[in-house]
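A quick write-up on the structure given underneath.
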Amino acid sequence: MSDEKRLEEIRKEDKKKAPLFFIVIAASGVLGGVGGFFLASHDGIWDILFRFFRDNSQIVTSVYCILMLISGISFITFCEVKLASLKKLWKDEADRDDNWDRIEKGLGVVVNALNVGQVFNFMLNGCAFYNIRGNIKSLSSRPEIYSNIYDISFFTALIGFTIFLFLFFNLQRRAVQFEKILNPEKKGSVFDFAFRKKWVKSFDEAELKQIGIASFKAVSIVNYTCISMILVLTCLGMIAEITVVPLICVSIIWIVQLIAFGITSEKEKWKK
Amino acid sequence: MALNNCLKEYRARIGVNQQELGAMVHVSRQTISLIERGDYSPSVTLALKLAKVFDVKVEDIFEYTDTGEEEADE
């Protein structure tokens, strides 16, 4: 097929899809404008909300500390119970072949839950530590009991975070151990800093295809999430004092993801 | 799926389970399961390895049928 014919085909395909694309973009713009107008017209509410969190950050951080404990205990309990039930299934040698797929699916759920739990642990701990000593806005006259609450929250968050970190790591080690029993060809120790590299290297062709598709979908979803967050933060920044830090953080994550995916894709394309 | 296979039958003939067959051709049990269900088409290398294990030709295990689905998608 000649270049001109091919170009003609490409233009035809673009012409078919372009109208809907521009309609959606225009509709999103209108919706964004209406949403922005609504936010700006109710900026009083946002002022009250942000002022509350700013002036009472040390009390709010105590709430984050409690949320961190609840989240950590919930995730760890769920993963422990699930892992124990999977190991029980595995012990039943008579029905092992029938249960195998079920066990592997269950192990996937455990690993995903552990990853999400870890993120919540870090996030809620960061929130619990935020302005815990009142450095950003000190309360000149505060009841003594508040000072005790801050100290209790701070040390509880610190100790809780450390314990959860250890428990999550231990659960991940046991999950990896179980995975290696199910699939003896898997290599890598969780105590090895090069664990991820060795683990991926022990993937076979089907598993590599799966993670390739999963990676691409993850990149697409994170793209949509980042652009939505940037739009929301931009609108919020126009009406409330949120600083540019959240915007920059989201942008850094987006850029790093895109560059990492792009470079890795190119490297794999030309690998010998 | 245009690629049919009788991998399960050949595996039963030599009396190995999916994990054992996977170990023989250096893939995971899950991959063997995916191939047997027809949810994954193995690479040429893997197909040749499987044929070697059973001491048969690749065409004895795998059969390609042109269903015309790929043309319909285009």
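Chains as they are written, first to last, in our numbering: chain Z, 1 to 272; chain P, 1001 to 1074.
C-beta atoms are modelled at their ideal positions from N, C-alpha and C, and glycine is treated no differently.
Being a predicted model, the structure only gives us computed values, none of them experimental.
Partner residues on chain Z for residue i, Cβ-Cβ distance less than 7 Å
{"i": "T1065 of chain P", "result": "Per Cβ cutoff of 7 Å: no residues; T1065 of chain P is ~21 Å from chain Z at best."}
Residue i versus residue j: straight-line alpha-carbon distance, rounded
{"i": "D98 of chain Z", "j": "R1029 of chain P", "result": "13 Å"}
{"i": "M238 of chain Z", "j": "F21 of chain Z", "result": "28 Å"}
{"i": "G117 of chain Z", "j": "L233 of chain Z", "result": "25 Å"}
{"i": "L39 of chain Z", "j": "I248 of chain Z", "result": "22 Å"}
{"i": "H42 of chain Z", "j": "W254 of chain Z", "result": "30 Å"}
{"i": "L139 of chain Z", "j": "C226 of chain Z", "result": "At L139 of chain Z the pLDDT is 49, less than 50, meaning the model places this residue with poor confidence and gives no usable figure here."}
{"i": "A214 of chain Z", "j": "V34 of chain Z", "result": "35 Å"}
{"i": "V250 of chain Z", "j": "Y224 of chain Z", "result": "12 Å"}
{"i": "I73 of chain Z", "j": "V222 of chain Z", "result": "28 Å"}
{"i": "L7 of chain Z", "j": "N1004 of chain P", "result": "37 Å"}
{"i": "K198 of chain Z", "j": "E1063 of chain P", "result": "35 Å"}
{"i": "V60 of chain Z", "j": "G36 of chain Z", "result": "28 Å"}
{"i": "G212 of chain Z", "j": "G1022 of chain P", "result": "21 Å"}
{"i": "R11 of chain Z", "j": "I163 of chain Z", "result": "59 Å"}
{"i": "Y150 of chain Z", "j": "S62 of chain Z", "result": "7 Å"}
{"i": "I25 of chain Z", "j": "P184 of chain Z", "result": "50 Å"}
{"i": "A157 of chain Z", "j": "L165 of chain Z", "result": "12 Å"}
{"i": "I70 of chain Z", "j": "F53 of chain Z", "result": "21 Å"}
{"i": "N115 of chain Z", "j": "S2 of chain Z", "result": "50 Å"}
Per-residue contacts from residue i into chain P (C-beta, under 8 Å)
{"i": "E185 of chain Z", "result": "G1022, A1023, H1026, V1027, S1028"}
{"i": "A283 of chain Z", "result": "Given a span of 1 to 272 for chain Z in the structure shown, any question on residue 283 of chain Z remains unanswerable."}
{"i": "A175 of chain Z", "result": "Within chain P, no residue comes near A175 of chain Z; the closest Cβ sits about 16 Å away, beyond 8 Å."}
Test item: CB-CB of residue i and residue j under 9 Å
{"i": "A128 of chain Z", "j": "M68 of chain Z", "result": "yes"}
{"i": "E93 of chain Z", "j": "L182 of chain Z", "result": "no"}
{"i": "W90 of chain Z", "j": "L236 of chain Z", "result": "no"}
{"i": "V1056 of chain P", "j": "L1048 of chain P", "result": "no"}
{"i": "A206 of chain Z", "j": "L49 of chain Z", "result": "no"}
{"i": "V190 of chain Z", "j": "Q210 of chain Z", "result": "no"}
{"i": "L1046 of chain P", "j": "V1027 of chain P", "result": "yes"}
{"i": "F178 of chain Z", "j": "G188 of chain Z", "result": "no"}
{"i": "S1076 of chain P", "j": "W270 of chain Z", "result": "Residue 1076 of chain P cannot be examined here, being either before or after the span of chain P that is shown, 1001 to 1074."}
{"i": "F75 of chain Z", "j": "N121 of chain Z", "result": "yes"}
{"i": "L231 of chain Z", "j": "G32 of chain Z", "result": "yes"}
Local Cβ density within 10 Å of residue i, reported as buried at 16 or more and exposed below that
{"i": "D1073 of chain P", "result": "Interpretation of D1073 of chain P is limited by its pLDDT of 47, a score under 50 that renders its predicted location unreliable; the figure taken from the coordinates is listed afterwards. Its Cβ having fewer than 16 others within 10 Å, D1073 of chain P is exposed."}
{"i": "R1011 of chain P", "result": "buried"}
{"i": "D1060 of chain P", "result": "exposed"}
{"i": "S57 of chain Z", "result": "buried"}
{"i": "G1038 of chain P", "result": "exposed"}
{"i": "G274 of chain Z", "result": "Any question about residue 274 of chain Z goes unanswered here, given that chain Z covers just 1 to 272."}
{"i": "G160 of chain Z", "result": "buried"}
{"i": "Q1019 of chain P", "result": "buried"}
{"i": "V81 of chain Z", "result": "exposed"}
{"i": "V119 of chain Z", "result": "exposed"}
{"i": "V110 of chain Z", "result": "buried"}
{"i": "L208 of chain Z", "result": "exposed"}
{"i": "F193 of chain Z", "result": "exposed"}
{"i": "N170 of chain Z", "result": "exposed"}
Amino acids of chain P, ordered along the chain, whose beta-carbon sits closer than 9 Å to that of residue i
{"i": "D101 of chain Z", "result": "Q1030, S1033"}
{"i": "E205 of chain Z", "result": "V1027, T1031, Y1040, P1042, S1043, T1045, L1046"}
Check: residue i C-beta below 8 Å from any heavy atom of the ligand SAH
{"i": "T1031 of chain P", "result": "The ligand SAH is absent from the structure shown, which contains no ligands of any kind."}
Contact belief for residue i with residue j at Cβ below 8 Å, rounded distance in angstroms
{"i": "F261 of chain Z", "j": "V219 of chain Z", "result": "5 Å"}
{"i": "L83 of chain Z", "j": "R174 of chain Z", "result": "6 Å"}
Listed by chain order, chain P residues near residue i by CB distance under 7 Å
{"i": "E104 of chain Z", "result": "Q1030"}
Chain Z residues whose Cβ lies nearer than 8 Å to that of residue i
{"i": "N1017 of chain P", "result": "D97"}
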